[in-house]
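Quick note: the sequence shown uses full-length UniProt numbering, first residue 1, plus one each step.
Data block below; observations after.
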Amino acid sequence: MANTLEEKCFAETFVAPQWLPGGNSFWYRRQVDTGSFRFILVDILAKSARPAFDHHQLACALEGIAKTGINSERLPFSWIELQDSLVRFRFKDQIWQYEPGKGLAKWPGKFTQGNTLLMRRQEPCGPTWSAPHATAGFVNTTRSRLSLFAVDRNGAANYFMPIPSGKTVFQKTSVGAVWRIEDGNTGQLRGIYCVTSPGYNVVYVGEVDVDEYLGKKGELPRGWEQQRDENGRVYYLDHNTRTTHWDCPTVAGAADAQLESGDEVGEDGKAGKQQVTLVQKELSGEDRTEIYVRDSNLWLKCDEGSEFLLAESSVLEDSHYDRSMLYLSPNNGYAVAWEYTSGSTTDEYWIEYCSDRQLHPRLIKEHKSFPTDTLRVDRPRLFNLASKCEVPTDNALFSNHYQLHHLGWSRDGSEYRFLYDGRGHQVLKVLGIHRSGPIRVLYEEKSKTFIDVTSKLYYTQLSGSDEMIWASERDGHNHLYLIDLQQGKIHGQITKGDWNVAMVERVDEKTRRIWLSAYGFHPGEDPYHLHLVRVNFDGTGCQALTDGDGTHTWSWPFDTCSQQFFVDSWSRVDLPPQTVVRCSETGTVQLKLEGISAEELKQHGWVPPERFHCPGRDGETMIYGIITKPLHFKETRCYPVIESIYAGPYDFFTPKSFGQVAHNGNWATRGYISVQLDGMGTNWRSKQFHDVCYRNLNDGGFPDRIIWIKEAAKTRPWMNLNRMAIIGSSFGGYNAAAALLHFGHFYKIAVSDSGAHDTSLVPLWWAEQWLGYPVGNLSFAKQSNVSHAERLPADARLMLVVGGMDPALNPASTMRFVQQLNKAGKVYEFVFIPEGGTTAVRMDMG
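Okay, here's the thing in structure tokens:
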């Protein structure tokens, strides 16, 4: 619910398009007042935007069923489906159909026009410690901040992080992990997502009320049963037809269909042949070749139907064949099967002091991977199916890996290809296994610091060729390259310049063009502004499809064959949102939908944040941030200054779009000057800018921050730097405490909430990405606040806040810092919130 002028403006100008089949029209809900909406239908070809139906007539018709009055601008549903002149919606868990002149009628079908990978059932996560690594990207296309929750093995949802409106966050995870997404303001369920495949998984979270779309009951049909495979992925058994399915029968597209529907169900009710993944490749006529895993061993089903044991797993080495990683060559003459050894985990504990299950405190245990644990080890093995023998291969080129990624067979079936990511993320190699056994390096990428696999790893093989599109920072910025895998060399650089490719949106192999999002594409704008760009494979025709000085978000039709238009919204912290429909070929504006000028909003009393930039520590590189004044600001007064910090190296964190300042919790509303900025070591500038963070986390960009704040205060006498404080949560909590430990000459007061003070207790993937490998390197201890507790100045004022039930970072991290502060005889304040989770300071008690 909007509670400030800025939030109200944002809600009333926000457009969340729900595309209709064909991609030439869509509907959205226009907020006309707090809690009041109208459904708007946009016909792009007709260049019109009008009410999707007669709201008053439908409300009157609905009153007879509701037995109460219905406000036409507060209709009791948020999702509609349109077909010609009729509209369908769900009310009281029943789908209704309304058509002018015919009135209301029950409709027995299901909604079909939504496009979501989100399941509704909240199941416990699978055994992720033995599952393949994955990255999940959550794109917030709603008007509200979203809350992301990690679902544990007991089925409980634990708050993990916020996702601001319009932002995309990438999270390291594993196949089988379950994530719950809620509206950050109302707590309304937006969906539940189970990670289904290794590599990158991108989920677009929209304004669909999942319960409303699916129906609150959502039972499985009679005769269906839910199961999980060994990697924790949910699948469904239909005992009526004796088949298995990845898709939940009540959710269209609940998961990527990596397994062909229609596999037989065995007598034990399990999926036939223990889940064949690459199954039933036809050779000729009725002949079929099939490989599968049963009891962790690899089997071949021959043409005549007989079974042959290709390979046994090693009991001594605790190795298994991964039934989701079986790959037949194009002519079915060879197969690659991935064998793996599970990694180790550490038992982590929390104490629930006030449990609703028992009187006494309850001990909670979870398995997590830390820097001292071992990783899952994969080994692709090659088999000649004609001779029914393994082809010997040497793993010297891919030993000691952090992760291997499947790429696939070459067109002629002579070579199987995969990606090697070495420990410490300093080497990436594309490797090829020839069907006769030799392994070669097709392409290699190296870095003296780190390769950012957390947010910049991108590759895609082009079908029908031996080419691959590859992202690299080899020239100092993140750009795309075309790799010739047959020749093992770069065929050409697709994008170039002093800007960064953020994410590939769409690849059209037929026309050999790419649509991508880019940071800093337009010179003279804030380099963190996001724009949509189109470019040809050969690097020609590179042009922005969005203009307007601001950061942009956009929405495409779901069907890639119908993406001739897109909805583009842009804003800044000092510019309200502007929304138009554009042509995806030229960027030409087709229709303006919503927008209000900054001057009009100022007439209603709005005081926008001030954007400010100046050179950082090197005297050249610009540092960008914002300054927000308190309510009822007076230039004759002198105000204390609070810096809100989160200097995590995987992104940037200063708000760039309208409404984010209010959503992030603005200290200016409490009478302070609030500043936020991104110093060196944060992401999405140059590689050199980012490299500052490597094994140097306690730098936190503070040399740049201090310069920036002092420079801003030179021309703003109302900033009192003698009353300078800093506050942060999670890694920002680590930064806030580090500010006093290492830069106490400038920062005197810090509030550190749920801080990652002990680097040895952060997740393995996080530590290895930014601190390197092996674990024993001195950077781990050097970057820990625990190691520097004695540096806390005597005149510093430090408050530590921690929640006892933080699932993302165990409170032990703060407790170990507390212990060292006590040993050093330091004075500080400590607030413990027993039931608090991540960012406990945001709770009412905090």
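Note that the Cβ used here is the ideal one computed from N, Cα and C, for glycine as well.
Please read these numbers as outputs of a predicted model, since none were measured by experiment.
Exercise for review: Give the straight-line distance between the Cα atoms of residue 674 and residue 644, rounded to the nearest whole angstrom.
Suggested key: 7 Å
Review point. Out of 138, 195, 145 and 147, which has the shortest C-alpha to C-alpha gap to residue 205?
Key: 138
Review point. Could you give the distance in angstroms between the alpha-carbon of residue 42 and the alpha-carbon of residue 606?
Key: 30 Å
Practice item. Output the distance between the C-alpha atoms of residue 20 and residue 203, rounded to the nearest integer angstrom. Key: 19 Å
Review point. From residue 94 to residue 106, what distance separates their C-alpha atoms?
Key: 7 Å
**Study point:** Reference residue 704, options 8, 625 and 408, closest by Cα
**Key:** 625
Practice item. Specify the secondary structure class of residue 400 as computed by DSSP and reduced to three states. Key: DSSP places residue 400 outside both helix and strand once states are collapsed to three, so it counts as coil.
Check your understanding: Rounded to a whole number of angstroms, what is the C-alpha to C-alpha distance between residue 794 and residue 758?
Key -> 22 Å
Review point. Residue 769 lies in the alpha helix (DSSP H); which residues open and close that run?
Key: 764–771
Practice item. Report all residues from its chain with a CB closer than 7 Å to the CB of residue 15; omit the five preceding and five following residues, and keep chain order. Key: 28, 567, 569, 579, 593 and 594
Check your understanding: Out of 700, 415 and 449, which has the shortest C-alpha to C-alpha gap to residue 486?
Key -> Residue 415 is the option with its Cα nearest to residue 486.
Review point. Any idea if residue 7 is buried or exposed, counting beta-carbon neighbours within 10 angstroms, 16 or more meaning buried?
Key: buried
Practice item. Measure the beta-carbon distance from residue 179 to residue 159 and round it to whole angstroms, keeping in mind my assumption that it falls under 8 Å. Key: At roughly 12 Å, the Cβ-Cβ gap does not stay under 8 Å, so residue 179 and residue 159 are not in contact.
Point to revise | Contact set for residue 824: own chain, Cβ-Cβ below 8 Å, skip 5 residues either direction | key: Apart from sequence neighbours up to five positions away, the residues of its chain that approach residue 824 with a beta-carbon distance below 8 Å are 789, 790 and 792, ordered along the chain.
Practice item. Return yes when the Cβ of residue 447 is within less than 8 Å of the Cβ of residue 683, no when it is not. Key: no
Point to revise | Sequence-distant residues of the same chain with beta carbon closer than 6 Å to residue 560, five excluded per side | key: none
Review point. Taking the C-alpha atoms as reference points, what is the distance between residue 611 and residue 475?
Key: Distance between the alpha carbons of residue 611 and residue 475: 30 Å.
Exercise for review: Can you tell me which of the three DSSP states residue 137 falls into?
Suggested key: Secondary structure of residue 137 (DSSP, three-state): strand.
Practice item. Check whether the Cβ atoms of residue 495 and residue 529 sit closer than 8 Å, and answer yes or no. Key: no
Check your understanding: What's the gap between the Cα of residue 70 and the Cα of residue 32?
Key -> As the crow flies, the alpha-carbon of residue 70 is around 17 Å from that of residue 32.
Exercise for review: Could you pull out every residue in the same chain whose Cβ sits closer than 8 Å to the Cβ of residue 563, ignoring the five residues on either side in sequence?
Suggested key: 23, 506, 556, 557 and 584
Review point. First and last residue of the alpha helix (DSSP H) that includes residue 852?
Key: Nothing can be reported for residue 852, as the shown portion of the chain is limited to 1 through 846.
Review point. With respect to the alpha helix (DSSP H) encompassing residue 10, which residues constitute its N-terminal and C-terminal limits?
Key: 5–13
Check your understanding: In the stretch 357–426, which residue ranges form an unbroken beta strand (DSSP E) of at least 3 residues, counting only runs that do not cross its ends?
Key -> 362–368, 377–384, 389–391, 401–409 and 415–422
Review point. Once you ignore the five residues that flank residue 423 on each side, which residues in its own chain have a CB closer than 6 Å to its CB?
Key: Contacts found: 400, 402 and 773.
Practice item. Output the boundary residues of the beta strand (DSSP E) element that contains residue 691. Key: That residue, residue 691, is in no beta strand (DSSP E); its alpha helix (DSSP H) goes 687–691.
Point to revise | Option in 797, 65, 613 and 781 with minimal Cα separation from residue 752 | key: The option with the nearest alpha carbon to residue 752 is 797.
Review point. On the three-state DSSP scale, how would you describe residue 65?
Key: helix
Exercise for review: Answer with buried or exposed for residue 67, where buried requires no fewer than 16 other C-beta atoms within 10 angstroms of its C-beta.
Suggested key: exposed
**Study point:** Nearest to residue 822 (by Cα), restricted to the options 210, 805, 834 and 787
**Key:** 787
**Study point:** Segments of 4+ residues assigned as alpha helix (DSSP H) that fall wholly inside the stretch 537–605
**Key:** With a minimum length of 4 residues, the unbroken runs of alpha helix (DSSP H) contained wholly in the stretch 537–605 fall at 598–602.
Exercise for review: Please check the pair residue 56 and residue 38, which I expect to be a contact at CB under 8 Å, by giving their CB distance rounded to whole angstroms.
Suggested key: That pair is no contact at about 11 Å.
Practice item. With a floor of 3 residues, list each beta strand (DSSP E) that falls wholly inside the stretch 599–645, ordered by position along the chain. Key: 610–615, 622–628 and 639–644
**Study point:** Where the beta strand (DSSP E) through residue 337 begins and ends
**Key:** 334–341
Practice item. Just tell me which of 548, 472, 461 and 549 has its CA closest to the CA of residue 508. Key: 461
Check your understanding: Starting from residue 803 and walking both ways along the alpha helix (DSSP H), at which residues does that stretch end?
Key -> That residue, residue 803, is in no alpha helix (DSSP H); its beta strand (DSSP E) goes 797–803.
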